[in-house]
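Everything below concerns the one structure shown next.
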Amino acid sequence: MSTESRPRRIRADAERSTARILEAALVVLAADPAAPMERIADAAGLARATVHRRFPTRRALLEALAAQLNDRYLLGLKQARVETAPPVVALYRLAETVFELKISHRFAIEQSSDRERARPLLTAEVVAGLDLLFTRLHAEGAITAAGPAWCRQVFLALLQEVDQLPADAPELGGAEPDAVLGARVELLVASVLGALGGRPAS
0 MSTESRPRRI RADAERSTAR ILEAALVVLA ADPAAPMERI ADAAGLARAT VHRRFPTRRA
60 LLEALAAQLN DRYLLGLKQA RVETAPPVVA LYRLAETVFE LKISHRFAIE QSSDRERARP
120 LLTAEVVAGL DLLFTRLHAE GAITAAGPAW CRQVFLALLQ EVDQLPADAP ELGGAEPDAV
180 LGARVELLVA SVLGALGGRP AS
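Going by numbering that gives the first Met the number 0, the first residue of the sequence shown is number 0, and it counts up by one from there.
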């Protein structure tokens, strides 16, 4: 093996280990927020020394989870095409992505919510993407509320409420288990548009 390829392989191994640790942390901490780092190492199938080398403290691990969540939010905004797609379509796509994140990253989102009074921890980039979406919704006439910051707050508040509904809640229309996600998306979009003076697209 050449001296040039050896560092590249070491970096790749480190990246794989980091990804395994973060995936394990999401599962373990969702079940037990107080779980020790050692349990995360066991779930990741890695030596405890490896976990502590990647994340020397619990705080470092939590910050990495928050950064990963932010990256997923940004990817969701990109996939929703908030800049170019019909804005109501983009809102539907974004709602679906966020509910999927709440399933896969529930611990990270709840940690953020504790610090932000039931609001997910959003970076300036994520806020800008959301505000652009609501600005476009207003420009198209899909909503009458003109302030994107207010619209964003309504969206996040209703998102929290819809997410907290039990799967058999009447508001979800008696959806089958495999259709609950879609029912949450429909309810959120209809509620957000209604609260902001608009109506769902046909």
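We put the CB at the ideal spot given by N, CA and C, even for glycine. A quick note: this is a predicted structure, and the numbers were derived from the prediction, not measured.
{"Item": "Distance, Cα to Cα, Val-188 vs Ala-48?", "Value": "46 Å"}
{"Item": "Terminal residues of the continuous alpha helix (DSSP H) containing Asp-162?", "Value": "147-163"}
{"Item": "Do Asn-69 and Glu-124 have their CB atoms nearer than 9 Å?", "Value": "yes"}
{"Item": "Looking at chain D, is there any beta carbon in it that lies within less than 9 Å of the beta carbon of Arg-52?", "Value": "The structure shown has no chain D; it contains just one protein chain."}
{"Item": "Grouping DSSP H, G and I as helix and E and B as strand, with all else coil, what is Asp-41?", "Value": "helix"}
{"Item": "Alpha helix (DSSP H) containing Leu-131: first to last residue?", "Value": "123-139"}
{"Item": "Can you look up Glu-62 in the DSSP assignment and give me helix, strand or coil?", "Value": "helix"}
{"Item": "Terminal residues of the continuous alpha helix (DSSP H) containing Gly-181?", "Value": "179-194"}
{"Item": "Assuming Ala-166 and Pro-176 make a contact with CB atoms under 8 Å, what is their CB distance in whole Å?", "Value": "7 Å"}
{"Item": "With a threshold of 16 other CB atoms inside 10 Å of the CB of Arg-151, please say whether the residue is buried or exposed.", "Value": "buried"}
{"Item": "Label Leu-74 either buried or exposed according to how many other C-beta atoms from any shown protein chain fall within 10 Å of its C-beta, with 16 as the threshold for buried.", "Value": "exposed"}
{"Item": "Would you mind working out which of Val-26, Phe-54 and Val-191 sits nearest Pro-100, comparing C-alpha positions?", "Value": "Per the sequence presented here, residue 100 reads as Leu, with Pro not at that position. Nearest C-alpha to Leu-100: Val-26."}
{"Item": "Would you mind sorting Glu-95 into buried or exposed? The rule is 16 or more other CB atoms within 10 Å of its CB.", "Value": "buried"}
{"Item": "Closest to Glu-14 by CA distance: which of Arg-38, Phe-133 and Ala-63 is it?", "Value": "Ala-63"}
{"Item": "Taking the beta carbon of Pro-147 as the centre, do at least 16 other beta carbons fall within 10 Å, making it buried, or is it exposed?", "Value": "buried"}
{"Item": "Mapping the DSSP letters down to three states, classify Gly-172 as helix, strand or coil.", "Value": "coil"}
{"Item": "Does DSSP put Glu-82 in a helix, in a strand, or in coil?", "Value": "coil"}
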